[in-house]
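Enquirer: In order, the protein sequence lines correspond to chains A and B.
Heads up, the first sequence is in full-length UniProt numbering, so the first residue is 1 and it goes up one at a time.
Heads up, the second sequence is in full-length UniProt numbering, so the first residue is 1 and it goes up one at a time.
Note that the Cβ used here is the ideal one computed from N, Cα and C, for glycine as well.
Protein chains: 2
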Amino acid sequence: MSTIRGARERARIEVTAAIKDEARKQLAAEGAAKLSLRAVARELGMVSSALYRYFPSRDDLLTALIVDSYDAVGEAAEAALPKAGDTPGPYPARWVAVACAVRDWALAHPHEYALIYGSPVPGYTAPQDTVGPASRVGLVLIGLVREAYLAEGLAVPPLTAELRPEAERMAADLADDLPPGVVVALVGAWAQLFGLISFEIFGQFDRLVEARELLFRRAVHELGRSTGLLDGRSAGAGR
Amino acid sequence: MSTIRGARERARIEVTAAIKDEARKQLAAEGAAKLSLRAVARELGMVSSALYRYFPSRDDLLTALIVDSYDAVGEAAEAALPKAGDTPGPYPARWVAVACAVRDWALAHPHEYALIYGSPVPGYTAPQDTVGPASRVGLVLIGLVREAYLAEGLAVPPLTAELRPEAERMAADLADDLPPGVVVALVGAWAQLFGLISFEIFGQFDRLVEARELLFRRAVHELGRSTGLLDGRSAGAGR
DNA sequence: TCGAAAGCAAGAGCAGTGCTCTCGTTTCTG
DNA sequence: CAGAAACGAGAGCACTGCTCTTGCTTTCGA
Chain A
1 MSTIRGARER
11 ARIEVTAAIK
21 DEARKQLAAE
31 GAAKLSLRAV
41 ARELGMVSSA
51 LYRYFPSRDD
61 LLTALIVDSY
71 DAVGEAAEAA
81 LPKAGDTPGP
91 YPARWVAVAC
101 AVRDWALAHP
111 HEYALIYGSP
121 VPGYTAPQDT
131 VGPASRVGLV
141 LIGLVREAYL
151 AEGLAVPPLT
161 AELRPEAERM
171 AADLADDLPP
181 GVVVALVGAW
191 AQLFGLISFE
201 IFGQFDRLVE
211 ARELLFRRAV
221 HELGRSTGLL
231 DGRSAGAGR
Chain B
1 MSTIRGARER
11 ARIEVTAAIK
21 DEARKQLAAE
31 GAAKLSLRAV
41 ARELGMVSSA
51 LYRYFPSRDD
61 LLTALIVDSY
71 DAVGEAAEAA
81 LPKAGDTPGP
91 YPARWVAVAC
101 AVRDWALAHP
111 HEYALIYGSP
121 VPGYTAPQDT
131 VGPASRVGLV
141 LIGLVREAYL
151 AEGLAVPPLT
161 AELRPEAERM
171 AADLADDLPP
181 GVVVALVGAW
191 AQLFGLISFE
201 IFGQFDRLVE
211 ARELLFRRAV
221 HELGRSTGLL
231 DGRSAGAGR
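Right under this line is the structure:
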């Protein structure tokens, strides 16, 4: 399926990758606003118009970087799960580990994080290609909670009557073997997790919070509890 | 102190306001990336270079808009508090009301919201002028929780030993009459609140969540509980 | 009161951007 | 092997932020 036909196709793949690499470098250095097609081309020793053979527009290049970033953060989250052969820790600790992995990735790649979880820069609606990779972190969280639910049960968060239809719809979409109350709490926790990270990355905690990892762990642990993850102890912040 | 010296100063104030108004209009229409000094000047019937008498650079114009936006959302939050003469509702309901006011403002002004809570566009560090207005929403939340604490007490969230020094430092900075555990929970809830709003504004809930206000209210109510706000009932989502 | 000083709008111009079009050249393919 | 497709280079267009100079007007102090 992915056989390389000849020198031309091979060259195309390499040049495309080189463009993305150089663009990612400029993105990390200066941010998405300062990323310039001409500068990328210049750095690669080609003329700017040649670059349009590979990406039809600047927005398409950005979209490619967005997809890659979603994949990178998704991979970071997946890598934080216990590998086959490990003796996995308790579920709340795994939950915190995944969150910390996402946070670490964001701290290491702030501009890429801003690209995907900050203001949407290109158009206003995300292209279709991004929705798949965008959900990888969410899928990790869902998988983790599902595993906990099947293994040792959950403290199912209660649902109001008016929220129940929507909760059941979402549960059918996302995880039909999880109680709707858990799915609602999980989607909320997902958004709130990125709120914590965004505030830290975007400087909202400057001159306010010092021990950011400790605060993050405490909040995320609490977030795990709010989705029903059983804690052993009845309250308190774990590490 | 703010006496207007003459026609010149009056004109300057008016022109500055006109520039900001037009810029805000373009911001709302196309987003911060597309905001152009030349287009603003064109629309105002002046030449682009004249605009630099009022704002030294495009970033300074954006900074002015950022300050205004922080003020606007802060004002929206303050307006959601019970006015003098009202019979105020229970504290969890007030908490949810403030959060909903912020969310409503964000939905009505998505690009301005993105300007302040999305990726920081201009430099990378926020200018000093923004830190005051930026904290208004936070101050509303602090004030609300403090009032609840003094009036009817709080379920003080527990603190681990390693988090205690930081918690006490933050409490001394933000609200020295609140228990450190509450301050830590409050700062977390503050970030998580904007995580919920950002995910909705930035399209992360597209094709996923339908009844967004219901979900928001449930999560925010839970957030209030996590900071210690007493609920009456022991669990569940109120409105 | 009157002249210097400061504030102002206008225009030209510079360097940079995204993007399009054309024109030879190279590579693939029927 | 010839036609087709892909490619790199270059010129060019419309736009951007920003600077500098040139006159005009308002303000203010001697």
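Is it right to say A:Tyr-52 is buried, meaning 16 or more other beta carbons lie within 10 angstroms of its own, or is it exposed?
Expert: The residue labelled residue 52 of chain A in the question sits at position 52 within the first sequence. So A:Tyr-52 ends up on the exposed side.
Enquirer: Taking all protein chains shown into account, decide if A:Gln-192 is buried (16 or more other Cβ within 10 angstroms of its Cβ) or exposed.
Expert: Position 192 of the first sequence, counting from 1, holds the residue named residue 192 of chain A. The residue is buried, with at least 16 neighbouring Cβ atoms inside 10 Å.
Enquirer: Can you find the residues in the same chain that come closer than 7 Å, C-beta to C-beta, to B:Leu-163, ignoring five residues on each side of it along the sequence?
Expert: As a position in the second sequence, residue 163 of chain B is number 163, starting the count at 1. Around B:Leu-163: Val-184.
Enquirer: Could you please tell me which residues of the stretch 12-23 of chain A, in chain order, have their CB closer than 8 Å to any CB of chain B?
Expert: Against chain B - using a Cβ distance shorter than 8 Å - the stretch 12-23 of chain A contributes no residues.
Enquirer: If you follow the alpha helix (DSSP H) that B:Asp-176 is in, where does it begin and where does it stop?
Expert: Translated into positions along the second sequence, residue 176 of chain B becomes position 176. Note, B:Asp-176: premise wrong, no alpha helix (DSSP H); not H, not E.
Enquirer: Applying the criterion that 16 or more other CB atoms from any shown protein chain within 10 Å of the CB defines a buried residue, is B:Pro-56 buried or exposed?
Expert: Mapped onto the second sequence, residue 56 of chain B falls at position 56. Exposed: under 16 other Cβ atoms inside 10 Å.
Enquirer: Is it buried or exposed, A:Gly-238, if we count other Cβ atoms within 10 angstroms and call 16 or more buried?
Expert: Taking the first residue of the first sequence as 1, we reach residue 238 of chain A at position 238. Legend: pLDDT at A:Gly-238 = 33, less than 50; position of this residue unreliable, value from coordinates given subsequently. A:Gly-238 is buried by the Cβ-count criterion.
Enquirer: Could you tell me whether the Cβ of B:Gly-188 comes closer than 8 Å to any Cβ of chain A?
Expert: Position 188 of the second sequence, counted from the start, is the residue given in the question as residue 188 of chain B. By this cut-off, B:Gly-188 is an interface position.
Enquirer: For B:Val-184, return the contacting residues in chain A, with the cut-off set at a CB-CB distance below 8 Å.
Expert: Here residue 184 of chain B corresponds to residue number 184 of the second sequence, with the count starting at 1. Within chain A, the residues near B:Val-184 are Leu-215 and Arg-218.
Enquirer: On the three-state DSSP scale, how would you describe residue 240 of chain A?
Expert: The structure shown does not extend to residue 240 of chain A, since chain A is modelled only from 1 through 239, so no value can be given for it.
Enquirer: Can you list, in chain order, the residues of its chain whose CB lies under 8 Å from that of A:Leu-230, leaving out five sequence neighbours each side?
Expert: On the first sequence, residue 230 of chain A is found 230 positions in, with the first residue counted as 1. Tyr-91, Pro-92, Ala-148, Glu-152, Gly-153, Leu-154 and Ala-155, listed in sequence order.
Enquirer: Spell out whether any CB of chain B is found under 8 Å from the CB atom of A:Phe-55.
Expert: By one-based count along the first sequence, residue 55 of chain A stands at place 55. So no, A:Phe-55 is outside the interface.
Enquirer: Just to check my reading of the structure: B:Thr-130 and B:Thr-63 have Cβ atoms closer than 8 Å, yes? What is that Cβ distance to the nearest angstrom?
Expert: Locating residue 130 of chain B in the second sequence gives position 130, where the first residue counts as 1. Locating residue 63 of chain B in the second sequence gives position 63, where the first residue counts as 1. Between B:Thr-63 and B:Thr-130 the Cβ distance is about 7 Å, and since that is below 8 Å, they are a contact.
Enquirer: Please check if any C-beta of chain A sits within less than 8 Å of the C-beta of B:Gln-192.
Expert: Taking the first residue of the second sequence as 1, we reach residue 192 of chain B at position 192. At least one chain A Cβ lies under 8 Å of B:Gln-192.
Enquirer: For A:Val-140, tell me which candidate among A:Tyr-70, A:Gly-85 and A:Ile-201 has the shortest Cα-Cα distance.
Expert: As a working mapping, residue 140 of chain A is identified with position 140 in the first sequence. The option with the nearest alpha carbon to A:Val-140 is A:Tyr-70.
Enquirer: Name the chain B residues that come within less than 8 Å of A:Gly-209, Cβ to Cβ?
Expert: Locating residue 209 of chain A in the first sequence gives position 209, where the first residue counts as 1. The displayed chain sequence assigns Val, not Gly, to residue 209 of chain A. Within chain B, the residues near A:Val-209 are Glu-166, Met-170 and Val-187.
Enquirer: Between the C-alpha atoms of B:Leu-214 and A:Val-220, what's the straight-line distance to the nearest angstrom?
Expert: Your numbering for residue 214 of chain B matches position 214 in the second sequence. Your numbering for residue 220 of chain A matches position 220 in the first sequence. Spanning the two alpha carbons is a distance of roughly 22 Å.
Enquirer: Report the residue from A:Arg-94, A:Tyr-54, A:Lys-25 and A:Leu-174 whose alpha carbon sits nearest the alpha carbon of A:Glu-43.
Expert: Taking the first residue of the first sequence as position 1, residue 43 of chain A is located at position 43. Answer by Cα proximity: A:Lys-25.
Enquirer: Since A:Gly-143 meets chain B, which of its residues come closer than 7 Å, beta carbon to beta carbon?
Expert: Here the question's residue 143 of chain A lines up with position 143 in the first sequence. Near A:Gly-143 there are no residues of chain B at all, since even the closest Cβ is about 17 Å away, more than 7 Å.
Enquirer: Leaving out the 5 sequence neighbours to the left and right, which residues in its chain are closer than 6 Å to A:Ala-76 when beta-carbon positions are compared?
Expert: In the first sequence, counting from the first residue as 1, residue 76 of chain A sits at position 76. Excluding sequence neighbours, A:Ala-76 sits near Ala-101 and Trp-105.
Enquirer: Listing by chain order, which chain A residues have their CB less than 8 Å from the CB of B:Leu-163?
Expert: Sequence index remark: in the second sequence, residue 163 of chain B carries index 163 (1-based). In chain order: Ala-211, Leu-214, Leu-215, Arg-218 and Ala-237.
Enquirer: Checking contacts by CB at 8 Å: is A:Glu-152 closer than that to chain B?
Expert: Here residue 152 of chain A refers to the residue found at position 152 of the first sequence. No, A:Glu-152 lies away from the interface with chain B (no Cβ there is under 8 Å from its Cβ).
Enquirer: Where does the unbroken alpha helix (DSSP H) through B:Glu-213 begin, and where does it stop?
Expert: Translated into positions along the second sequence, residue 213 of chain B becomes position 213. Here the alpha helix (DSSP H) through B:Glu-213 covers 212-226.
Enquirer: Consider the Cβ of B:Met-1: report whether some Cβ of chain A lies at a distance smaller than 8 Å.
Expert: As a first step, residue 1 of chain B is located in the second sequence; it is residue number 1 there, counting from the start. Here B:Met-1 scores only 41 on pLDDT, less than 50, and its place in the model is too uncertain to base an answer on.
Enquirer: Between the Cα of B:Leu-144 and those of B:Ala-23, B:Val-67 and B:Ala-80, spot the shortest distance and give me the residue it belongs to.
Expert: Counted from its first residue, the second sequence places residue 144 of chain B at position 144. The option with the nearest alpha carbon to B:Leu-144 is B:Ala-80.
Enquirer: How about A:Gly-228: is its C-beta nearer than 8 Å to some C-beta of chain B?
Expert: Taking the first residue of the first sequence as position 1, residue 228 of chain A is located at position 228. With 8 Å as the cut-off, A:Gly-228 does not count as an interface residue toward chain B.
Enquirer: To test your reading of the DSSP string, which unbroken alpha helix (DSSP H) runs of 4 or more residues are found completely within the UniProt DNA-binding region "H-T-H motif" (36-55) of chain A?
Expert: Here the runs fully enclosed are 37-44 and 48-51.
Enquirer: Where does B:Pro-133 fall in DSSP's three states?
Expert: Residue 133 of chain B sits at position 133 when you count from the first residue of the second sequence. Three-state DSSP puts B:Pro-133 in a helix.
Enquirer: Going by beta-carbon coordinates alone, are B:Val-47 and B:Ala-41 separated by less than 8 Å?
Expert: Residue mapping note: residue 47 of chain B aligns to position 47 of the second sequence, counting from 1. Residue mapping note: residue 41 of chain B aligns to position 41 of the second sequence, counting from 1. A contact, by the Cβ cut-off of 8 Å.
Enquirer: Spatial neighbours of A:Glu-168 within its chain, please: C-beta separation below 6 Å, excluding the five flanking residues on both sides.
Expert: In the first sequence, counting from the first residue as 1, residue 168 of chain A sits at position 168. Correct list, in chain order: Pro-180.
Enquirer: Of all the CB atoms in chain A, is at least one closer than 8 Å to the CB of B:Ala-106?
Expert: Translated into the one-based positions of the second sequence, residue 106 of chain B becomes position 106. No, its Cβ sits nowhere closer than 8 Å to a Cβ of chain A.
Enquirer: For B:Ile-201, which residues in the same chain have their Cβ closer than 6 Å to its Cβ, ignoring the five residues on either side in sequence?
Expert: On the second sequence, position 201 is the one that residue 201 of chain B refers to. The answer, listed in chain order, is Ala-106, Pro-110 and Tyr-113.
Enquirer: Verify whether the separation of the beta carbon atoms of B:Phe-216 and B:Arg-103 is less than 8 Å.
Expert: Numbered from 1 along the second sequence, position 216 holds the residue referred to as residue 216 of chain B. Numbered from 1 along the second sequence, position 103 holds the residue referred to as residue 103 of chain B. The answer is yes: Cβ separation under 8 Å.
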